[in-house]
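Under numbering that gives the first Met the number 0, read the sequence shown as residues 0 to 117, first letter to last. One structure is given here, and the rest of the page talks about it.
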Amino acid sequence: MPIHHIKKFLFGAPRLPREDAMKVFRRDHFTCRYCGLDGLQSFENWLILTVDHIHPHARGGGRHLENLVTACQPCNLIKGKRVYGSMEAAKKHVLAKRAEWLKTYHSHVKAASGVETH
């Protein structure tokens, strides 16, 4: 097996060049296209911005700007390598999963600390 196939298998898609990522971030106003996290609001928000392939690279999606969106790390992780019929369908799935995770977070924080969270 050629080394580039092994690298792709082990490490996933090659990194997007920084200048291309910045084009995506600027086009999307440094905002996660799934949850709306504003990367301009704080360094911590900006630090977790990633570039997501709408049609996943692992499923044959290209690196052209029309297939790339700004996503925070949690939203990118939730979306994963799934293929959706539209950006709206992907966003709906991601937001539903985030809502589930939020409920889990609150129930675990309450149980662990004895402090109510809202």
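We treat Cβ as the ideally placed atom computed from N, Cα and C, and that holds for glycine.
Applying the criterion that 16 or more other CB atoms from any shown protein chain within 10 Å of the CB defines a buried residue, is residue i buried or exposed?
i: Val108; result: exposed
i: Arg32; result: buried
i: Val82; result: exposed
i: His105; result: exposed
i: Leu67; result: buried
i: Lys91; result: exposed
i: Lys78; result: buried
Quick one: does residue i have its CB under 8 Å from some CB of chain D?
i: Thr103; result: As a matter of chain content, chain D is missing from the structure shown, which is built from one protein chain.
Can you check whether the CB of residue j is closer than 8 Å to the CB of residue i?
i: Phe29; j: Asp37; result: yes
i: Cys193; j: Leu76; result: Because the chain in this structure spans residues 0 to 117, residue 193 falls outside the shown range and cannot be described.
i: Met86; j: Ile53; result: yes
Only counting the same chain, and skipping five residues up and downstream in sequence, which positions put a Cβ closer than 7 Å to that of residue i?
i: Gln72; result: Ile47 and Thr49
i: Arg58; result: Lys80 and Val82
Going by beta carbon distance, what residues of the same chain come within less than 6 Å of residue i, once the five residues before and after it are set aside?
i: Pro55; result: Lys80
i: Leu39; result: Phe29
i: Asp51; result: Val68, Ala70 and Asn75
Measure how close the beta-carbons of residue i and residue j come, nearest whole angstrom, since I'm counting them as under 8 Å.
i: Asp27; j: Thr69; result: 4 Å
Near residue i, which residues of its chain fall below 8 Å by C-beta distance, leaving aside the five closest residues on each side in sequence?
i: Ala111; result: none
i: Ala89; result: Tyr33, Ile53, Lys78, Arg81 and Tyr83
i: Trp45; result: Phe29, Gly38 and Leu39
Checklist entry - Counting Cβ pairs, one atom from each stretch, are 3 or more of them under 8 Å apart for the segment 61-69 and the segment 93-105? => result no
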